[in-house]
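Chemist:
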Amino acid sequence: MRRSGWIGASLSLVVGLIGVSACGGDGDGLDLGPSGGNGGLSHAVGRWEPGSGDTCTKEIHDSHTTVGPDGKVYPTWHPPADPASGCTFGHEHGRDPRGSDLYEEVGGVPFGYANEQLDAYDPALQRHEDHVGHKIDWENDFELHYSGDAAGQLLQGSRCDALVKLHQGSHSKDAFTNNVHELVYHIRCDDGTDMSLTLLAAIGTPGEFVSTCDRDLHITAGSPTPLGSPSGGGKRIIPTRECVEQHMLVPPGERSNFSSALRESWQISQSIRTSSGRTVASVNPYFNVLRPSRFYDPAQEGLVGRPIDVCYEEAASGERAEGSDCDESTANGSLPDVSWDDPRSAFDGAQRSVDINSNRISNSEGPTVWYTDPFGKNGREEPFQGSVRQYIAAVDNVLAINPSGPTFGHRREYGAPSVHAPN
Amino acid sequence: MYPSAQRFADFAERVIFITAIMSYGCDLAYISQKVTRPGAPASETEVVSLFTGRNAVRGIRLQAVTVVALCALSPVVPSDTPVFQAALALAQAPAPSSLPSDDPETVSVKPGGLWYGFALGWGWSRVDCDICRGNLVGGATGMLRGGITQSRALDLGLEINGWHQSQEGVDRWHGTFSLMAYFFPGPVRRLSLNGGLGINLYRASDAENAFTSTGFGPQFGAGYEIPIGRGLTLTPQLDVVAGGLGDLEFNGEGLGSGNLQLIKLGIGLTWH
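Set out below in structure tokens:
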């Protein structure tokens, strides 16, 4: 395999492995290429437990795995309902990656591989993310866009295939403080751009986030996990109680602007750098959640407010939430008791979009395979403890102008009647 | 009318206008050819036109009828367009009862003599580079030129062309400064074949960003000089600029090399 050091194995091949290797070791942390899945279970396996409304067992859920580059077994994409039994998991992982033109090359997407490598790279920096936050999206044969009237009229963006995954939980307080989230980013374009990256993307500053309704407002929400999380480019734009009051609670006769109140946008600016500090590749995709199940509310004990609760709220001034998302969730107000984790709530984080922006490579001298630390830094030509294999084409595509778009996924709904927060 | 239909109608109107102008030039040439004295010595480089005579008026009226017919046949040009209305008025005007005589005018050129002229028209520009769309974009053109006559068959001069188009917040400019040779292959100075080399300047900009380029490139074309007065010719022409674009720059930073094509139709006046 050119892109990947492994072939994602479908679970029917791996179910047996789980049984025999449940007590397996963590391996030596070296990413040396293909392996047969005999490296044991990763920490990411078994992190999901069925909720009260979920009909699948943990065992059925944990049968949906793939094998990572280190030979360990990792959870991977599965539909909201188990295809074999029809039972429901109550969460979704986005678009089925098997439809991507890149899938044949990259195989199944292991959830939590970079997190696993971090354990080996620096045990003091453990970052194990929950299962439901892993979200996949992809698009085949799309054209990159250039922003601005002149660039849009004059320039022709290259055509690309992209398959991406971000751990983007939008149900808990995790992202208020934690800026490190696993990113898998595969892209190939007709201008020679070609890369497959897996890393823990540091999105913005640890311990803080940016308000949805005031992009200049940086809110410090606590200590990050892990404590030594690096700062990164970009930012995590997350709704706050103030945004809800501005755009969701409206006077009688007006309609709530749910998008302005609740839209999350995690804007990544991530580079792959060598041990000498040279940047060989950089990407800056934006991952957006349209109807998350949380917002930041410092008045709440856990700092988390729930949009569905706002649907039932009436301010002293008479302001209240009016419009589609609340109507849909409460059957036009006829359901008085829809809770935040009720499948009937539209605020389940299942409506998302991805902006594919610039994909800069400055690697004309090669090599095409770099081994970096889990944060995409300290790249070397040989693997090392806790390193992650990155494939980057031997090209130089850096121009004075960068694409900004397109957006895909915004017309797709990944939820199902059974899907509910936490998702 | 929908915006796209309006743009198409505008474009069709321009095509009809230019077509009529060009065919009008050819008709005038035909009229001139018919009355040129067979015995006129070519060495004196005299040409004869009947533009001010009865035949010229007849030619103008024929052209007006042509424009009306073209507009009537075109499903996209409404009858209230300026070209249609002007042509209709001209076609319906009563024939003049008395006309000047058919006295020919002559245009003489002498080696070492100065000449100068201008033209207006329409052109289509295309920018090519690795990441360019490469669309043909139509816009208005203007031209100034001047120089020195070398012989009956050759003029040398400097030609400045400008092309401009503004659409959806983007202004595009293309300018050329070319040293040109104008070769007249016939026994009289009618058809000219033009060629030269010059500098291309290109700019496309919106409110925030600008693409610019400077490069060298050749220019080729053809013109037709129709004497309409003493020392004055009406000059329809077709030019193709196929210049190397040089480095295309975005806000001053290089985007790589490319090339530029400009095809333009115009009509103008030239004084000798």
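Chains as they are written, first to last, in my numbering: chain A, -8 to 414; chain B, 3 to 274. Where a beta carbon is used, it is the ideal one built from N, C-alpha and C, also for glycine. In this text, all values refer to a predicted model and were calculated from it rather than measured experimentally.
1. Against chain B, does residue 140 (chain A) count as a neighbour if the rule is that its beta carbon must be under 8 Å from one of theirs?
2. What are the residues in the stretch 366 to 400 of chain A lying within 7 Å of chain B by C-beta distance?
3. Taking only runs of the alpha helix (DSSP H) that begin and end inside the stretch 257 to 327 of chain A, which ones reach a length of at least 4 residues, in chain order?
4. Expressed to the nearest angstrom, what Euclidean distance is found between the alpha-carbon atoms of residue 184 (chain B) and residue 148 (chain B)?
5. Does the beta-carbon of residue 413 (chain A) have 16 or more other beta-carbons within 10 angstroms, so that it is buried, or is it exposed?
6. Tell me, please, whether the CB atom of residue 410 (chain A) is closer than 8 Å to any CB atom in chain B?
7. Tell me the rounded alpha-carbon separation between residue 254 (chain B) and residue 205 (chain B).
8. Considering only the alpha carbon of each residue, which of A:356, A:62, A:65 and A:53 lies closest to residue 73 (chain A)?
9. Residues in the same chain with beta-carbon distance under 6 Å from residue 278 (chain A), minus the five sequence neighbours each way, listed in chain order, please.
10. My output table needs one value for residue 381 (chain A): the three-state DSSP class, helix, strand or coil.
11. If the criterion is Cβ atoms closer than 8 Å, does the pair residue 190 (chain B) and residue 144 (chain A) meet it?
12. Tell me residue 190 (chain A)'s beta-bridge partners as DSSP assigns them.
13. Which of the three DSSP states, helix, strand or coil, is assigned to residue 99 (chain B)?
14. Take residue 34 (chain A) as the anchor and find which of A:69, A:230, A:109 and A:293 has the nearest alpha-carbon.
15. Can you pull out the residues from the stretch 158 to 184 of chain B whose beta carbon lies closer than 7 Å to at least one beta carbon of chain A?
16. Against chain A, with Cβ distances strictly below 8 Å, would residue 208 (chain B) count as a contact?
17. Do residue 231 (chain A) and residue 251 (chain A) count as a contact pair if the criterion is CB distance below 8 Å?
18. Taking the C-alpha atoms as reference points, what is the distance between residue 320 (chain A) and residue 297 (chain A)?
19. Please report the straight-line C-alpha distance between residue 51 (chain A) and residue 411 (chain A), rounded to a whole angstrom.
20. Once the 5 residues before and after residue 216 (chain A) are set aside, which same chain residues still bring their CB inside 6 Å of it?
21. Judging by CA-CA distance, which residue of B:167, B:188, B:168 and B:118 is the nearest neighbour of residue 161 (chain B)?
22. Could you check whether the stretch 178 to 198 of chain A touches the stretch 139 to 155 of chain A, counting it as contact only if at least three pairs of C-beta atoms, one from each stretch, sit closer than 8 Å?
23. Name the chain B residues that come within less than 7 Å of residue 145 (chain A), Cβ to Cβ?
24. Against chain A, with Cβ distances strictly below 8 Å, would residue 257 (chain B) count as a contact?
25. Using the Cα positions of residue 138 (chain B) and residue 264 (chain B), report the straight-line distance between them to the nearest angstrom.
26. Alpha carbons only, please: which of B:202, B:211 and B:230 is nearest the one belonging to residue 221 (chain B)?
27. Which residues in chain A have a C-beta closer than 9 Å to the C-beta of residue 202 (chain B)? List them in chain order.
28. Under 7 Å between beta-carbons, which chain A residues line up against residue 252 (chain B)? List them in chain order, please.
29. Hey, residue 215 (chain B) and residue 174 (chain B): beta-carbon distance below 8 Å or not?
30. Let's see if you can read the secondary structure: which residues bound the beta strand (DSSP E) around residue 404 (chain A)?
31. To the nearest whole angstrom, what separates the beta carbons of residue 200 (chain A) and residue 234 (chain A), a pair I think is in contact under 8 Å?
32. Can you list, in chain order, the residues of its chain whose CB lies under 8 Å from that of residue 204 (chain A), leaving out five sequence neighbours each side?
33. Going by other Cβ atoms of all chains shown within 10 Å of its Cβ, with 16 needed for buried, is residue 211 (chain A) buried or exposed?
34. In whole angstroms, what is the alpha-carbon distance linking residue 57 (chain A) and residue 126 (chain A)?
35. Could you tell me the distance, in whole angstroms, from the CA atom of residue 262 (chain B) to the CA atom of residue 243 (chain B)?
36. Can you name, in chain order, every residue of its own chain whose Cβ lies under 6 Å from the Cβ of residue -2 (chain A), other than the five neighbours on each side?
Modeler: In short, the structure shows the following:
1. yes
2. 390, 391 and 392
3. 298 to 302 and 315 to 321
4. Taking the straight line joining both Cα atoms gives about 11 Å.
5. buried
6. no
7. 11 Å
8. A:53
9. 157, 159, 257 and 345
10. strand
11. No; because the gap between Cβ atoms is not below 8 Å, this pair is not in contact.
12. Beta-bridge pairing links residue 190 (chain A) to A:174.
13. In this prediction, residue 99 (chain B) scores a pLDDT of 40, lower than 50, which makes its location untrustworthy; no coordinate-derived value is stated.
14. A:109
15. The residues in question are 170, 171 and 172.
16. Chain A contact via Cβ: present.
17. no
18. 13 Å
19. 19 Å
20. 169
21. B:118
22. yes
23. Simply 129, 134, 135, 206 and 213.
24. yes
25. 9 Å
26. B:202
27. In chain order: nothing, as chain A lies at least about 16 Å away.
28. 391 and 392
29. no
30. For residue 404 (chain A), there is no enclosing beta strand (DSSP E), as DSSP gives it neither H nor E.
31. With a Cβ gap of about 12 Å, residue 200 (chain A) and residue 234 (chain A) do not count as contacting.
32. 230, 231, 233, 234, 237, 238, 251 and 252
33. exposed
34. Between residue 57 (chain A) and residue 126 (chain A), the C-alpha separation is close to 16 Å.
35. For residue 262 (chain B) and residue 243 (chain B), the gap between their C-alpha atoms comes out near 8 Å.
36. Residue placement at residue -2 (chain A) is flagged as unreliable, the pLDDT there being 43, under the threshold of 50; the coordinate-derived value follows with that caveat. Within the same chain, residue -2 (chain A) has close Cβ partners 98.
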